[in-house]
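Colleague: Under numbering that gives the first Met the number 0, read the sequence shown as residues 0 to 295, first letter to last. Once you've had a glance at the structure underneath, I'll fire off some questions.
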Amino acid sequence: MDSLCFDCPRSCGAARSLDSGSGYCLSPSLPCVVRAAPHFGEEPCITGEHGSGAVFFSGCNLRCIFCQNHEISRASTGKQLTVPQLADVFLRLQDEGVHNINLVTGTHFIKPITLALEKAKLSIPVVWNSSAYEKAESLKMLDGLVQVYLPDYKYASSPLAAAFSGAADYPSAAAAAIDEMFRQRGKYIMDESGLLISGVLIRHLILPGHVDNSMSVIDWVSEHFPPNSVLFSLMSQYTPMFHFDSYPELNERIDAKTNRHLARYMERCGIENGYWQDISSSTDELLPEFNLTGVE
Numbered sequence: 000m001d002s003l004c005f006d007c008p009r010s011c012g013a014a015r016s017l018d019s020g021s022g023y024c025l026s027p028s029l030p031c032v033v034r035a036a037p038h039f040g041e042e043p044c045i046t047g048e049h050g051s052g053a054v055f056f057s058g059c060n061l062r063c064i065f066c067q068n069h070e071i072s073r074a075s076t077g078k079q080l081t082v083p084q085l086a087d088v089f090l091r092l093q094d095e096g097v098h099n100i101n102l103v104t105g106t107h108f109i110k111p112i113t114l115a116l117e118k119a120k121l122s123i124p125v126v127w128n129s130s131a132y133e134k135a136e137s138l139k140m141l142d143g144l145v146q147v148y149l150p151d152y153k154y155a156s157s158p159l160a161a162a163f164s165g166a167a168d169y170p171s172a173a174a175a176a177i178d179e180m181f182r183q184r185g186k187y188i189m190d191e192s193g194l195l196i197s198g199v200l201i202r203h204l205i206l207p208g209h210v211d212n213s214m215s216v217i218d219w220v221s222e223h224f225p226p227n228s229v230l231f232s233l234m235s236q237y238t239p240m241f242h243f244d245s246y247p248e249l250n251e252r253i254d255a256k257t258n259r260h261l262a263r264y265m266e267r268c269g270i271e272n273g274y275w276q277d278i279s280s281s282t283d284e285l286l287p288e289f290n291l292t293g294v295e
């Protein structure tokens, strides 16, 4: 019998089955994995020297019109794995010597992922890499299983979230989700080699033409959390993937002046611990190939 899904803020009640994708995330009940391999495109405290063991899931509960991973986010592509198979993928990556297991966009598969983590009993940190468009009550399933939370905080503006991601409630839902992440892990902890082993690292992608949104996100982070308790990553890597008539600003890349302005604003707001991406990172070169590496 199909299970009805209410796990994310959409609460769409989709009858997700083994046979076909359904619901807003277009996903079946078991996780679809498109790549599981060492990845070197994250922040230095995640990637380290040997890479992060990134497991990329297909499907998504957002509809970001600028999505760089649109080929996998809007369909249930990849290989569907059972819970034991997914646990084996985690253990194989651990045996390869990666610094952590990095679960990329697993929100809509949170229940089977939780079961796979319980089965694998990993000895390296687990990273939950998500859009933060999640229910706090669902994230409670990960308490004690995930050591590092790597959420986006895309929008402080509801109209912008509605227009660009089809989720007007994103600012409040993501804020509540990140609060739950922080409740679980508390102040971040680095090991002696500079790797993040526990805590929350909040990411924000600068969108061209929407500096005010980025400043509001920085304001929220700086005012909401105790000083030096979370890490923050300001990203300038926005890359136009489509041509937009309705939003022509999204046809541009981030310019150096905007990037410097926001980096200085971040510093003025007292955010000292984290990352500021150089404008040269505005490229798609670090995007991996979603060709079933590690799952075939």
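Glycine is no exception: its CB is placed at the ideal position from the N, C-alpha and C atoms. Nothing here was measured: the structure is a model prediction, and the numbers come from that model.
Could you tell me the boundaries of the beta strand (DSSP E) in which M234 lies?
Modeller: Within the sequence shown, numbered from 1, the residue matching residue 234 stands at position 235. Unbroken beta strand (DSSP E) run through M234: L230 to M234.
Colleague: Run the CB neighbour count on A172, radius 10 Å, all protein chains shown included, and call it buried at 16 or more, exposed below.
Modeller: By one-based count along the sequence shown, residue 172 stands at place 173. Result: buried.
Colleague: Based on Cα-Cα distance, which residue from G12, P83 and I188 lies nearest to V199?
Modeller: Here residue 199 refers to the residue found at position 200 when the sequence shown is read from its first residue. V199 has its Cα closest to that of I188, out of G12, P83 and I188.
Colleague: Report the residue from I201, M240 and E248 whose alpha carbon sits nearest the alpha carbon of H223.
Modeller: The sequence position of residue 223 within the sequence shown is 224, counting from 1. Taking the Cα of H223 as reference, the smallest distance to any Cα among I201, M240 and E248 is reached at I201.
Colleague: Smallest Cα separation from H242: which of A174, C66 and G50?
Modeller: For the purposes of this step, residue 242 is taken as the residue at position 243 of the sequence shown. Residue C66 is the option with its Cα nearest to H242.
Colleague: Could you give the C-beta distance for L321 and H209, rounded to a whole number, given that I count them as a contact under 8 Å?
Modeller: In the structure displayed, the chain extends from 0 to 295; residue 321 sits before or after that span and is not available.
Colleague: Mind the definition here: the stretch 67-86 touches the stretch 19-31 only if three or more C-beta pairs lie below 8 Å; say whether that holds.
Modeller: yes
Colleague: Identify which residue in P170, V126, T106 and T238 has its Cα closest to the Cα of S197.
Modeller: Position 198 of the sequence shown, counted from the start, is the residue given in the question as residue 197. Closest option to S197, Cα to Cα, is V126.
Colleague: Which same chain residues, not among the five before or five after S214, have their C-beta less than 8 Å away from its C-beta?
Modeller: Taking the sequence shown and counting its residues from 1, one reaches residue 214 at position 215. The sequence given here places Met at residue 214; Ser does not occur at that position. These residues qualify, in order along the chain: L261 and Y264.
Colleague: With distances taken Cα to Cα, identify the nearest neighbour of V145 among V229, E48 and P124.
Modeller: Along the sequence shown, one-based indexing puts residue 145 at 146. From the listed residues V229, E48 and P124, the smallest Cα separation to V145 is found for P124.
Colleague: Between L230 and G273, is the Cβ-Cβ spacing less than 8 Å?
Modeller: As a working note, residue 230 is residue 231 in the sequence shown. As a working note, residue 273 is residue 274 in the sequence shown. Yes. Within cutoff.
Colleague: Give me the Cα-Cα distance between A174 and T106, rounded to the nearest whole angstrom.
Modeller: Residue 174 sits at position 175 when you count from the first residue of the sequence shown. Residue 106 sits at position 107 when you count from the first residue of the sequence shown. Those two C-alpha atoms are separated by around 15 Å.
Colleague: So, helix, strand or coil for D151, using DSSP?
Modeller: Against the sequence shown, residue 151 aligns to sequence position 152. In the structure shown, D151 sits in a strand (DSSP, three-state: E or B).
Colleague: Have a look at I253 and K118 and give me their C-alpha separation to the nearest angstrom.
Modeller: As a working note, residue 253 is residue 254 in the sequence shown. As a working note, residue 118 is residue 119 in the sequence shown. Straight-line Cα distance between these residues: approximately 43 Å.
Colleague: Look at the alpha carbon of L114 and the alpha carbon of F108, and state the distance between them as a whole number of angstroms.
Modeller: Here residue 114 corresponds to residue number 115 of the sequence shown, with the count starting at 1. Here residue 108 corresponds to residue number 109 of the sequence shown, with the count starting at 1. If you take the alpha carbons of L114 and F108, they lie about 10 Å apart.
Colleague: Under a Cβ-count criterion, where at least 16 other Cβ atoms within 10 Å of its own Cβ denotes burial, should R34 be classed as buried or exposed?
Modeller: As a first step, residue 34 must be located in the sequence shown, where it is residue number 35. It is buried - the Cβ of R34 has at least 16 other Cβ atoms within 10 Å.
Colleague: Quick check on the burial criterion: 16 or more other C-beta atoms within 10 angstroms. Buried or exposed for G143?
Modeller: Locating residue 143 in the sequence shown gives position 144, where the first residue counts as 1. In this structure G143 is exposed. Its beta-carbon is surrounded by fewer than 16 other beta-carbon atoms within 10 angstroms.
Colleague: Select from L25, G47, G22 and N60 the residue whose C-alpha is nearest the C-alpha of A167.
Modeller: On the sequence shown, position 168 is the one that residue 167 refers to. That would be N60, whose Cα lies nearest to the Cα of A167.
Colleague: Starting from I100 and walking both ways along the beta strand (DSSP E), at which residues does that stretch end?
Modeller: Numbered from 1 along the sequence shown, position 101 holds the residue referred to as residue 100. I100 to V103 is the extent of the beta strand (DSSP E) around I100.
Colleague: Looking at C-alpha atoms only, which residue of P43, H69, L25 and Q276 is the closest neighbour of S75?
Modeller: In the sequence shown, counting from the first residue as 1, residue 75 sits at position 76. Answer by Cα proximity: L25.
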